[in-house]
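In what follows, a structure is listed as structure tokens, so that the remarks can point back to it.
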Amino acid sequence: MTTPAVEKLLKYFDLEAQRAFDNRAVMGGFERAAEPWTAEARQSGLAEDVIRQVADGLRAYAGLGPEARRATLAALRAQLLGETPPEEPTEDIDGETFEPEAEGASPASAAPPTGPPPGLAAPLTTISGIGPKSAKTLERLGLHTLGDLLWYLPRRYVDYSQLKTINRLWYGEEVTVLATVEEIKVRPARGGQLKLVEAVVGDGTGSLRVTWFNQPWIANSLRVGDAVALSGRIDQYLGRLTMNAPEWEPLERQQLHTSRIVPVYALTAGVTARWLRRVIDSVVRRLAPRLPDPLPEDLRQRHGLVTRAEAVQQIHFPATWDDLRRAQERLAFDEMLLLQLAVMRQRRDWSDLRRPPLSVDDGWLERFRAGLPYPLTTAQEAAIADLRQDLASGKPMNRLLQGDVGSGKTIVAAAAIGVTVAAGAQAAVLAPTSILAEQHFHTLREILPTATGIPAEGIRLLIGATPEAEKAEIRQALESGALPVVVGTHALLEDPVQFARLGLAVIDEQHRFGVEQRAALRAKGDNPNLLVVTATPIPRSLALTVFGDLDLTILDEMPPGRQPIETRVLFPVERSRGYAFVEGQLEAGRQAYFIYPLVEESDKVAARAAVEEQQRLQREEFPRYTVGLLHGRMTQDEKERTMAAFRRGEIHVLVSTSVVEVGVDVPNATVMFIEGANRFGLAQLHQFRGRVGRGAHRSYCLLVPDSDDAAENERLKAMEETSDGFRLAELDLEQRGPGEFLGTRQSGLGDLRMARLTDVRLIERARREATRLIETDPELARPEHQALARELQAWLRSEKGEMS
223 MTTPAVEKLL KYFDLEAQRA FDNRAVMGGF ERAAEPWTAE ARQSGLAEDV IRQVADGLRA
283 YAGLGPEARR ATLAALRAQL LGETPPEEPT EDIDGETFEP EAEGASPASA APPTGPPPGL
343 AAPLTTISGI GPKSAKTLER LGLHTLGDLL WYLPRRYVDY SQLKTINRLW YGEEVTVLAT
403 VEEIKVRPAR GGQLKLVEAV VGDGTGSLRV TWFNQPWIAN SLRVGDAVAL SGRIDQYLGR
463 LTMNAPEWEP LERQQLHTSR IVPVYALTAG VTARWLRRVI DSVVRRLAPR LPDPLPEDLR
523 QRHGLVTRAE AVQQIHFPAT WDDLRRAQER LAFDEMLLLQ LAVMRQRRDW SDLRRPPLSV
583 DDGWLERFRA GLPYPLTTAQ EAAIADLRQD LASGKPMNRL LQGDVGSGKT IVAAAAIGVT
643 VAAGAQAAVL APTSILAEQH FHTLREILPT ATGIPAEGIR LLIGATPEAE KAEIRQALES
703 GALPVVVGTH ALLEDPVQFA RLGLAVIDEQ HRFGVEQRAA LRAKGDNPNL LVVTATPIPR
763 SLALTVFGDL DLTILDEMPP GRQPIETRVL FPVERSRGYA FVEGQLEAGR QAYFIYPLVE
823 ESDKVAARAA VEEQQRLQRE EFPRYTVGLL HGRMTQDEKE RTMAAFRRGE IHVLVSTSVV
883 EVGVDVPNAT VMFIEGANRF GLAQLHQFRG RVGRGAHRSY CLLVPDSDDA AENERLKAME
943 ETSDGFRLAE LDLEQRGPGE FLGTRQSGLG DLRMARLTDV RLIERARREA TRLIETDPEL
1003 ARPEHQALAR ELQAWLRSEK GEMS
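This is how it looks when you write it as structure tokens:
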């Protein structure tokens, strides 16, 4: 029968397993729970030897890797329940003793070996000590060749370079102690189910108790009188300082695991940190010095970069933190230079293409202005001038038009469509969803007939839900050239439609379209002009990299009359205040959105589900009004009927998931109420916010996070402080990384392991160098550039060619 103290700890173990052993099941980590749990366990009458073993295991837990943590908790669970613990892997795999060459050589400064090394493509079994069994185990880490091992970079580092004598140790610090083994023994715990190695070491200034769990082989490797280096975290037990599960090495060897900055690699079951570190050390010492350097000497000198060989050696086994920084800088520069070269080559290849020019006279533009309900802004005028120039150039346009929510991008795109049709070609508009495609269709039917003279019947909608007979009619009209403008989704690309003269493709929210879709679009016409339109502000660093193959036009001016949106963060306890405010808006004849992060309740994420909340809001909060529902699992017909009813005012409150994010336009909606706001990025929240404030009425955005955690919700305050989408995008990139902006436009980014897309200084350095290279040697054919050319080709092959 278990005691309350045992049951409590076992519950923590279960939670820790669910959290993938991140040491957060207990506030402050298991090491902080050791002392209070020990007191509880003693009060409950648990055996003293069990308490001691478990407490030691808890104190050692923070310093272990994920696999070692899993094994430790399994062993401690068995100890608490009196079961036999699972058998742990020993130091060696396959029963082979791994002895890397020149074991005593310094990992960072070993002299290059003289014999011919195996190639980077050689199998792992080339290494002495790795047989088929351990090679199979390493495959689980994605390691198949010596090159894979060489580029298997540490995920973090532990600084064991600080040497201290025992009498100067303090609780909690990470140190290395040089000492002599005074005692060592293996002591079984209850019933021999958990083997504990206990040692006492001394250095003349004092003694220190050291323990290792489930590693009995250590007692056979260390003898009384051996001089050792021990590196780890100083813990405390019954008032005495201890070291639990430290790294250790005999002092007569050059230290690899202790007395230095030690790399920490991701592990898998059956692979120990020490063993993998020794394997990688052997490969690095043999192969890194022979790595060719793809950067010319003058380029390296200009940027103060270390050689490729030195960078690889120091990224694994840095002698100092400065050496590590220099290695990271070099490898990050390499990655960014390859990305910039690929982007610039794509720009060059695109600009080398030709297509029939499309142009109109200034009189056409005057008639276009006259047909609009309000004057163009200065930014819109400049953007239309860019597009006219591109369309008339005889080269295919490849332009990104970005502007904040409500900046008038649709009018600019309409001008490009009008020029294209006036010059005798066809235009296609592609949206990421059918709802947006339908909205673009209605908007263009309002704008184009009066502003450009294109008749309403010359603008058709082709989406998945279009009746088959109508689809056939539209296809025939496009193929004959009788239909000048078609609006659709990616279904347009998959559709067997052919265009007579496709001159322009307008792609809305392009980061949701991938490489394949873009290539398919090109195949529909003779190098059609591409205009990419996005309401997601692109941070400068991404504009220079991920979107670097596109010419950039920014609409940085809002049309007159656009309403400012008042934004407030409401904590969960204030939700009822928010409901009361929404009801006031409904009574005034306005409408509201409620946004939820998930479609259905999830045990893993405590988010309020749109489906259930729609029913609750209708029943409990707004019984006098109609509450509608919109989410991604509805059929297309259901979505369109719901949006049409909301536009007509038949639905007063629309509960939705993020399908409402971009483009939906209901001028009478004045409140955006976002639940689980902390689960969205700032850029996405800004898009939600932009769905209101589109009419003549004052509008509001209310953000309700899941919890009252002030630190977690601090970033939401930025939504209260600024309506500048570009500033919010920069913050999002810093805090959450580039995923919010990329969507499927990630080709070319999969191997960016060192370079950060937030590092504008690095990006600009690499861009300048790439520009210099492309201008002076476009094909990288000079002898000093051929190694770089080979690396670029290999990188492009690995990224499947196209960058966007």
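Residue numbers for the sequence shown follow this note's numbering, beginning at 223 and rising by one. Even for Gly, the Cβ is constructed at its ideal location relative to N, Cα and C. It should be emphasised that the depicted structure is a prediction, and the values quoted were computed from it without experimental measurement.
Distance between beta carbons of residue j and residue i, contact taken as under 8 angstroms
| i | j | result |
| --- | --- | --- |
| residue 1045 | residue 349 | Nothing about residue 1045 can be read from this structure; the chain reaches only from 223 to 1026. |
| residue 995 | residue 984 | No, residue 995 and residue 984 are not in contact; Cβ-Cβ is about 16 angstroms, not under 8 angstroms. |
| residue 755 | residue 787 | With a Cβ gap of about 22 angstroms, residue 755 and residue 787 do not count as contacting. |
| residue 800 | residue 895 | 6 angstroms |
| residue 926 | residue 899 | 6 angstroms |
| residue 676 | residue 640 | 7 angstroms |
| residue 232 | residue 346 | With 8 angstroms as the limit, residue 232 and residue 346 do not qualify as a contact, their Cβ atoms being about 39 angstroms apart. |
| residue 375 | residue 537 | 6 angstroms |
Alpha-carbon to alpha-carbon, residue j and residue i
| i | j | result |
| --- | --- | --- |
| residue 711 | residue 369 | 43 angstroms |
| residue 394 | residue 273 | 21 angstroms |
| residue 1014 | residue 563 | 8 angstroms |
| residue 367 | residue 270 | 49 angstroms |
| residue 1017 | residue 1007 | 15 angstroms |
| residue 977 | residue 1005 | 27 angstroms |
| residue 600 | residue 244 | 53 angstroms |
| residue 844 | residue 835 | 12 angstroms |
| residue 707 | residue 558 | 40 angstroms |
| residue 867 | residue 575 | 47 angstroms |
| residue 626 | residue 591 | 22 angstroms |
| residue 230 | residue 278 | 17 angstroms |
| residue 864 | residue 292 | 49 angstroms |
| residue 602 | residue 630 | 7 angstroms |
| residue 421 | residue 397 | 18 angstroms |
| residue 239 | residue 457 | 24 angstroms |
| residue 389 | residue 425 | 9 angstroms |
| residue 1010 | residue 744 | 30 angstroms |
| residue 616 | residue 649 | 17 angstroms |
| residue 587 | residue 593 | 10 angstroms |
| residue 893 | residue 837 | 19 angstroms |
| residue 819 | residue 833 | 11 angstroms |
| residue 666 | residue 598 | 16 angstroms |
| residue 913 | residue 261 | 57 angstroms |
| residue 252 | residue 813 | 50 angstroms |
Candidates the options: closest to residue i by CA position
| i | options | result |
| --- | --- | --- |
| residue 454 | 379, 515, 621, 900 | 379 |
| residue 502 | 371, 548, 610 | 371 |
| residue 852 | 873, 606, 844, 842 | 873 |
| residue 543 | 351, 577, 484 | 484 |
| residue 999 | 567, 282, 857, 472 | 567 |
| residue 620 | 997, 751, 664, 384 | 751 |
| residue 919 | 890, 974, 987 | 890 |
| residue 385 | 400, 798, 268, 867 | 400 |
| residue 624 | 256, 300, 776 | 776 |
| residue 906 | 383, 938, 291 | 938 |
| residue 1028 | 622, 572, 425, 779 | The structure shown does not extend to residue 1028, since the chain is modelled only from 223 through 1026, so no value can be given for it. |
| residue 854 | 817, 416, 303 | 817 |
| residue 535 | 997, 373, 630 | 373 |
| residue 447 | 509, 472, 803 | 472 |
CB contact below 8 angstroms: residue i versus chain C
| i | result |
| --- | --- |
| residue 697 | Note that chain C does not occur in the displayed structure, where there is just one protein chain. |
State whether the segment 628 to 644 contacts the segment 760 to 768, with contact taken as three or more CB pairs (one from each stretch) at a distance under 8 angstroms.
-> no
What alpha helix (DSSP H) runs, 4 residues minimum, are completely inside the segment 882 to 911?
-> 904 to 911
Are the segment 610 to 621 and the segment 698 to 706 in contact at 8 angstroms, needing three or more beta carbon pairs?
-> no
Whole alpha helix (DSSP H) runs in the segment 446 to 519 with 4 or more residues, listed along the chain?
-> 495 to 509
Output the residue ranges of the beta strand (DSSP E) runs that lie fully inside the segment 908 to 952 and measure 3 residues or longer, sorted by chain position.
-> Counting only runs that start and end inside the segment 908 to 952, the beta strand (DSSP E) elements of at least 3 residues fall at 921 to 926.
Looking at C-beta atoms only, is the number of pairs between the segment 578 to 585 and the segment 636 to 653 that lie closer than 8 angstroms three or more?
-> yes
Contact between the segment 532 to 549 and the segment 682 to 695 (3+ Cβ pairs under 8 angstroms) = no
Could you name each continuous alpha helix (DSSP H) segment of 4 residues or more that falls completely within the segment 641 to 706, going from the start of the chain to the end?
-> 656 to 674, 690 to 702
Say whether the segment 456 to 467 touches the segment 277 to 284, bearing in mind that this needs 3 or more beta-carbon pairs closer than 8 angstroms, one atom from each stretch.
-> yes
Which runs of the beta strand (DSSP E) fall wholly inside the segment 775 to 805 and span at least 3 residues, in chain order?
-> 787 to 791
Ignoring anything shorter than 4 residues or poking outside the segment 571 to 604, list the alpha helix (DSSP H) runs there in chain order.
-> For the segment 571 to 604, whole alpha helix (DSSP H) runs of length 4 or above, ordered along the chain, are 584 to 592.
Mind listing, in chain order, the continuous alpha helix (DSSP H) runs of no fewer than 4 residues lying wholly within the segment 360 to 417?
-> 368 to 372
Touch test, the segment 349 to 361 against the segment 423 to 442, Cβ-Cβ under 8 angstroms, three pairs minimum = The segment 349 to 361 vs the segment 423 to 442: no contact.
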